[in-house]
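Asker: Residue numbers (this note's numbering), protein chains in the order written: chain E, 11 to 251; chain Z, 42 to 664; chain C, 354 to 551. All C-beta atoms in this analysis are idealised placements derived from N, C-alpha and C, irrespective of residue type, glycine included. I am attaching a structure below and will ask some questions about it afterwards.
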Amino acid sequence: MTLMTAMATPVFIGVVMMIIYSAIYFRRTGPELVDGPPMLGNTPVQVAWIGISAIMVLFLAVVGIATLASSNVAQAVGAPGRSIGQSGGQTGSGTAGGSGSELQVQVIAQQWYFTYRYQDYGGVETTHLYLPVNRPVELHVTSLDIIHSFWAYQLGVKADANPGVDNIFHVTPQKTGSFQVRCAELCGIWHGEMADSQGRVVSQSDFDTWIAQQQKDYAAIQKAVPSYAPHYFPLPLTKGS
Amino acid sequence: MVTADFLSERRMTIPNNLVTAILFAIPAYFAGVWLGNLFGLNDDQNTGVIIGYFFATGAFLIGLGFLNYPLARLMGWPVAPVATTEPNVGVGRFFRLSLDHKVIGMQYLITILVMLLFGGIGAMAIRTSLLSPNSSITPPGQYIMLIGLHSVMMIFITSAVIVGPFGNYLVPLMIGARRMAFPRLEALSFWVVPPAAVILAAAVFWGGFPTGWTGYPPLSEQAGQGMDSYIVGFTLIAIALVTSGINMLATIITLRAPGMTWTRLPIFVWGIFTTSILGMLAAPFLAVALFQLALDRTVLTSFFLASNGGSNYLWQNLFWFFGHPEVYIFILPAFGIIMELVPHFARKPLWGYRTGVVGLFGVALLSWFVWQHHLFVSGIAPVLRPFYMLSTELISIPTGIIFLVTLGTLWRARVWFTVPMLFCMGFLFNFLIGGISGVYLSDVPTDVTLHGSYFSMAHFHYTIMGGEIFALMAACYYWLPKMVGKMLSPTIGRIHFWWMFLAFNSTFFPLFIIGILDMPRRVSAYDPALQALNTWVTVSSYFLFGSMILFAANVVYSLFFVSRLAIANPWHARSLEWQVPTPVPEHNFERVPLIVAGPYDYGLPNARPVADFGGLVGATSGG
Amino acid sequence: MAVRSRSRDVLPEAGVALDARVMATGVWLFLAADLFFFAGWWFSFFYLRALNNNSAWIVQGLTRPNKTYGLVVLLLVILSAAAYWAGSRVAVRSVLFGVLAPASLVLGIGACVFQGYGMWHLGFGLTQGAYPSVFVGLTTLWLIELVFAVSWLATVVVQARPAGDTRLRPHAAASFGWILLFLAAVGVINYILLYLAA
Chain E
11 MTLMTAMATP
21 VFIGVVMMII
31 YSAIYFRRTG
41 PELVDGPPML
51 GNTPVQVAWI
61 GISAIMVLFL
71 AVVGIATLAS
81 SNVAQAVGAP
91 GRSIGQSGGQ
101 TGSGTAGGSG
111 SELQVQVIAQ
121 QWYFTYRYQD
131 YGGVETTHLY
141 LPVNRPVELH
151 VTSLDIIHSF
161 WAYQLGVKAD
171 ANPGVDNIFH
181 VTPQKTGSFQ
191 VRCAELCGIW
201 HGEMADSQGR
211 VVSQSDFDTW
221 IAQQQKDYAA
231 IQKAVPSYAP
241 HYFPLPLTKG
251 S
Chain Z
42 MVTADFLSER
52 RMTIPNNLVT
62 AILFAIPAYF
72 AGVWLGNLFG
82 LNDDQNTGVI
92 IGYFFATGAF
102 LIGLGFLNYP
112 LARLMGWPVA
122 PVATTEPNVG
132 VGRFFRLSLD
142 HKVIGMQYLI
152 TILVMLLFGG
162 IGAMAIRTSL
172 LSPNSSITPP
182 GQYIMLIGLH
192 SVMMIFITSA
202 VIVGPFGNYL
212 VPLMIGARRM
222 AFPRLEALSF
232 WVVPPAAVIL
242 AAAVFWGGFP
252 TGWTGYPPLS
262 EQAGQGMDSY
272 IVGFTLIAIA
282 LVTSGINMLA
292 TIITLRAPGM
302 TWTRLPIFVW
312 GIFTTSILGM
322 LAAPFLAVAL
332 FQLALDRTVL
342 TSFFLASNGG
352 SNYLWQNLFW
362 FFGHPEVYIF
372 ILPAFGIIME
382 LVPHFARKPL
392 WGYRTGVVGL
402 FGVALLSWFV
412 WQHHLFVSGI
422 APVLRPFYML
432 STELISIPTG
442 IIFLVTLGTL
452 WRARVWFTVP
462 MLFCMGFLFN
472 FLIGGISGVY
482 LSDVPTDVTL
492 HGSYFSMAHF
502 HYTIMGGEIF
512 ALMAACYYWL
522 PKMVGKMLSP
532 TIGRIHFWWM
542 FLAFNSTFFP
552 LFIIGILDMP
562 RRVSAYDPAL
572 QALNTWVTVS
582 SYFLFGSMIL
592 FAANVVYSLF
602 FVSRLAIANP
612 WHARSLEWQV
622 PTPVPEHNFE
632 RVPLIVAGPY
642 DYGLPNARPV
652 ADFGGLVGAT
662 SGG
Chain C
354 MAVRSRSRDV
364 LPEAGVALDA
374 RVMATGVWLF
384 LAADLFFFAG
394 WWFSFFYLRA
404 LNNNSAWIVQ
414 GLTRPNKTYG
424 LVVLLLVILS
434 AAAYWAGSRV
444 AVRSVLFGVL
454 APASLVLGIG
464 ACVFQGYGMW
474 HLGFGLTQGA
484 YPSVFVGLTT
494 LWLIELVFAV
504 SWLATVVVQA
514 RPAGDTRLRP
524 HAAASFGWIL
534 LFLAAVGVIN
544 YILLYLAA
């Protein structure tokens, strides 16, 4: 974003200056309606303008593609000094890109809250998202009912939660701290309240303690919850229903 | 014989006008509901409501007289119109099916401005609700209804606000034609708009609809009867886009006067031309999506339910394949207006005319290849994203051409800063910001933060309101003297411009910051730390609404309280629409004019007037 | 009956020629829009078939629609379009047109009736997966367009009497042939997709 602002600012200032200059210096002087000089065009100027804008745009596109392609993506934007995520880009639906060392976390969205399941820890379902620092995480985002969007601002993650779809996103938290989770896709009347301010990035040992506690707390419920799966459907419709 | 010798539709036994139409529509609605409930398979009565709306619209159109001509031809009845006792004068012609493109243009203008008022009131309600960071002012259920109504009403409006009034009124005049190609189709494209607006407003009775204008399923399948208003209303607008597109293109292609070559065409007509191509071809995709949603909601098919073989991505792809060209339908006519007005006020030829036309076509063509930028975080295959990022960023090149052409026209000009010209300058500033913010959103890594936040709200309000609505204001101040024969007060106009420009920027610029600071869109509750900014925005929005009221006051004052009659050509412009008298005669030109020069030939020694009105004997337009 | 027009010095023949151009342009533009409309449905077909979410594109044990029945409807439409096309290429005053146009109308009405009956007795439920959904949506909308086209055809036939409009504006009658051909071609593609390639 900084690069784009750096490129946009001269363009903006340049055009605005041209507008203001025209308003001041190319005003009609006097009450008579006099015609201006009959300039029909100037090929070198047009070529230059189109060429320069094309170069700027292509440069931005190349930088953007390079950013997407690399696994060391730039810091999460918008929260200078507070960002704690280094997002590894999105893998999209269904293709698990990670090796075994990535922590597998499933984000389940529903009207109107998020829950999280840790596949490596018996599929325990928790109501807050805790992540260990400096460890690559593979997030699997899905939904139980309609489209939501998991937006963890400080982690630099935004991934839509679609029913029946396993939307995969990678992130490697780099600093401990807290992060805000909001829903970013209109999902009904309580869309605005579908937020969680208790996301945490903690040290590995704190994380182990926390997850063990979660497993203990939710042990009774775990038996009733459906087993971990990439997505969850209601019972299949039978013929004629 | 059925050329447009007469300008109102053949009458049947009952007089065909708006009153008849409404009287037909009301019982037809209830008949449709009854029929739908007989056959409907769904307990939610969606079938009844949808069929009821369609029956009501059909009966409305029949009451206006749309069925007269086709029915007469089918039954073999004589089709000679009752033209002698039905002259095309009087205020009643605005409430009837008129085949005169000028009347249709005025009908559009009044209808759309009234709709704009209601959309604006919705916006005021939304901003008032956002004075409080929790949902205390408006409960969430009402808030989401307001969002849906405001946004969809505005979409209906902005789809047609320039092409409808000004395209219809001016295109035949600008190309030297005495009529449009398909007057009945054009009238149809107007007369589906009031039913669409009423059906949309009717959603209030069902508690509105919860999806905003994008209608994403499965939420739209979960929704109550208010969603059916969205489906039927939007389908009617799609019909309007297709019929208007076909008619405009056929008119411009076939009915140009002799000598009106493609290179002498006013750039506004090129803007309408490119818009019509987009409208005609994109709206069918919307219709497909809406029919599928209607089927899912009524007979429980599963186009969009992943559990039963459907996919919510199907809607997103179909909708945005329409939706992205749709936003260029909003802005291309505005580009046409700006590039049209600036040469006439700068008293210089349009600088780089052919480049400008290429720019319009470039935008239109590229708009088909970018739609997946709305789906960057939806979970599409990652390999697709670089392509769409590139294609979206490429659109800024033809858009930049518009600025190039306009700034080049201003260079070393002798600009007459009238109120329309002020709005053109405001457009340039606003659209610059809007366009640049679009580049931010097109970059995928940045979009991850900005998608679905107030940043994208600010982007599209800058481009649509700061762009298209400012162009609308310019068009009103510029062309109303021709359309209604009176000048709007320039003094009030200047106050209106500065008030609107400053209030607009004060309202929408902070939204970029609010978006970067993590506030999602379409929410009634937000982080209390953002309350100060939101309050600033709300207060500014009240001022913005006030500026629109001032515009309305200017219109009423200038039209009804002051007698400043407009001369035929108050701006001393060269283009063809200013060479006819005010009020414009029934068939525009006594004889088909012979075009001998372009409309922007200012400053050229020995420039000829643009047309020879003696005409050629035996000429028809279309040469 | 002459072409009436306000400008006194316009030649009637020029007016008719212009009318022909306007009509032809309008029909081509409409067909372009209609092509995009059906393209949306064809996209839906391929997209949902490829995704096959929850293996529910075609659920187990679904009764497929009857291929022969669909073929009968398709043939009726093709014959109707061909008959009209052949008839409209010759002068509309000719006997050939006088025979072929009504024949085309009868075939067209037959197609609508057959297809309508078929839709009423589908043999599979609409809730059984995505393929029935696409089948119903695509076929119903094609049928609706066919009904409108056949009513236009009926108008052309009715107006083909000596005092009627078809004789005076043969260009409109000729341009209409494209619409029937288009609907027949779309019917062929629909048949291949829905009955053979699903």
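(1) Specify whether the segment 387-396 of chain Z and the segment 528-535 of chain Z touch according to this definition: at least 3 beta carbon pairs, one from each stretch, less than 8 angstroms apart.
(2) Give, in chain order, every unbroken run of the beta strand (DSSP E) that is at least 3 residues long and sits entirely within the segment 589-638 of chain Z.
(3) Below 8 angstroms CB to CB, which residues in the same chain sit around Val115 (chain E) once its five sequence neighbours on both sides are set aside?
(4) Among all the DSSP beta bridges, which residues are the ones paired with Glu227 (chain Z)?
(5) Examine chain B for any beta-carbon lying closer than 8 angstroms to the beta-carbon of Phe36 (chain E), and answer yes or no.
(6) What residue does the alpha helix (DSSP H) around Thr284 (chain Z) start on, and which one ends it?
(7) Nearest by alpha-carbon distance to Phe535 (chain C): which of C:Val375, C:Leu499, C:Tyr548, C:Leu546 is it?
(8) By DSSP, does Val167 (chain E) sit in helix, in strand, or in coil?
(9) Is the CB of Pro213 (chain Z) under 8 angstroms away from at least one CB in chain C?
(10) Taking all protein chains shown into account, do 16 or more other C-beta atoms lie within 10 angstroms of the C-beta of Phe246 (chain Z), making it buried, or fewer, making it exposed?
(11) Which residue wins for smallest C-alpha separation from Tyr548 (chain C), given the options C:Val443, C:Leu424, C:Ala454, C:Gly530?
(12) Exposed or buried, what is Ala422 (chain Z) when buried is set at 16 or more other beta-carbons lying within 10 Å of its beta-carbon?
(13) Determine, using beta carbons only, whether Phe30 (chain Z) and Leu336 (chain Z) come nearer to each other than 8 angstroms.
(14) Any beta-carbon of chain E closer than 8 angstroms to the one on Asp484 (chain Z)?
(15) Please determine if the segment 105-115 of chain Z and the segment 505-517 of chain C are in contact, where contact requires at least 3 C-beta pairs separated by less than 8 angstroms.
(16) To the nearest angstrom, how far is it from the Cα of Ser103 (chain E) to the Cα of Ile436 (chain Z)?
(17) Mapping the DSSP letters down to three states, classify Phe124 (chain E) as helix, strand or coil.
(18) Below 8 angstroms on the Cβ atoms is my guess for Gly379 (chain C) versus Ile287 (chain Z); work out the distance and round it to an integer in Å.
(19) Would you grab the beta carbon distance between Thr77 (chain E) and Ile118 (chain E) for me? Rounded to a whole angstrom, and I think it's under 8 angstroms.
(20) Compute the distance between the beta-carbons of Ala464 (chain C) and Ala436 (chain C), then report whether it is under 8 angstroms.
(21) What does DSSP give as the partner residues of Ile118 (chain E) in its beta bridges?
(22) Whole-angstrom Cβ separation of Thr315 (chain Z) and Ala405 (chain Z), contact assumed at under 8 angstroms?
(23) For Phe549 (chain Z), does the count of other Cβ atoms within 10 angstroms reach 16, so buried, or fall short, so exposed?
(24) Can you name the residues of chain C whose CB is closer than 8 angstroms to the CB of Ala222 (chain Z)?
(25) Could you name the residues of the same chain whose beta carbon sits closer than 6 angstroms to that of Phe363 (chain Z), not counting the 5 residues immediately before and after it, in chain order?
(26) Beta-carbon within less than 6 angstroms of Arg192 (chain E)'s beta-carbon, same chain only, minus the 5 sequence neighbours each way: which residues are those?
(27) Threshold first: 4 residues or longer. Then list the alpha helix (DSSP H) segments lying entirely within the segment 474-546 of chain Z, N to C.
(28) Which word fits Phe477 (chain C), buried or exposed, when buried means at least 16 other C-beta atoms lie within 10 angstroms of its C-beta?
(29) When the Cα of Ile536 (chain Z) is compared with those of Z:Leu585, Z:Gly89, Z:Gly377, which residue comes out closest?
(30) Is the separation between the beta-carbon of Tyr400 (chain C) and that of Leu346 (chain Z) shorter than 8 angstroms?
(31) With 8 angstroms set as the bound, which would you pick, yes or no: does the beta-carbon of Val399 (chain Z) sit closer than that to a beta-carbon of chain C?
(32) Are the CB atoms of Gly534 (chain Z) and Pro624 (chain Z) within a distance shorter than 8 angstroms?
(33) With 8 angstroms set as the bound, which would you pick, yes or no: does the beta-carbon of Val147 (chain E) sit closer than that to a beta-carbon of chain Z?
(34) Closest by CA to Ala385 (chain C), which one among Z:Leu290, Z:Ile196, Z:Gly400?
(35) Mapping the DSSP letters down to three states, classify Arg453 (chain Z) as helix, strand or coil.
(36) Grab me the residues of Phe71 (chain Z)'s own chain with a C-beta within less than 8 angstroms of its C-beta, minus the 5 sequence neighbours each way, in chain order.
Answerer: In short, the structure shows the following:
(1) no
(2) none
(3) Listed in chain order, the non-local C-beta contacts of Val115 (chain E) below 8 angstroms within the same chain comprise Tyr126, Arg127, Tyr128, Gln129, Leu139, Leu141, Val147, Glu148, Leu149, His150, local neighbours out to five positions each way being set aside.
(4) DSSP, once it has assigned bridges, lists no residue as partnering Glu227 (chain Z).
(5) Protein chains in the displayed structure are E, Z and C, and chain B is not among them.
(6) 267-295
(7) C:Leu499
(8) Here Val167 (chain E) sits in strand by DSSP.
(9) no
(10) Classification of Phe246 (chain Z): exposed, given that the 10 Å Cβ count is below 16.
(11) C:Leu424
(12) exposed
(13) Coverage of chain Z is limited to positions 42 through 664, which leaves residue 30 (chain Z) absent and any answer about it impossible.
(14) Answer yes: the Cβ-Cβ gap between Asp484 (chain Z) and chain E drops below 8 angstroms somewhere.
(15) yes
(16) Confidence is the limiting factor: at Ser103 (chain E) the pLDDT is only 42, short of 50, which leaves the residue's position unreliable, though a coordinate-based value still follows. Cα to Cα, the separation comes out at about 28 angstroms.
(17) Residue state, collapsed to three classes: strand.
(18) 6 angstroms
(19) Contact flag wrong, Cβ pair sits at about 29 angstroms.
(20) no
(21) E:Thr125, E:Thr152
(22) 4 angstroms
(23) buried
(24) Val375, Thr378, Gly379
(25) Ala323, Phe326, Leu327
(26) Trp161, Ala205
(27) 485-491, 495-504, 511-524
(28) So Phe477 (chain C) ends up on the buried side.
(29) Z:Leu585
(30) No, they are not a contact pair.
(31) no
(32) no
(33) no
(34) The shortest Cα separation from Ala385 (chain C) among Z:Leu290, Z:Ile196, Z:Gly400 belongs to Z:Leu290.
(35) coil
(36) Gly93
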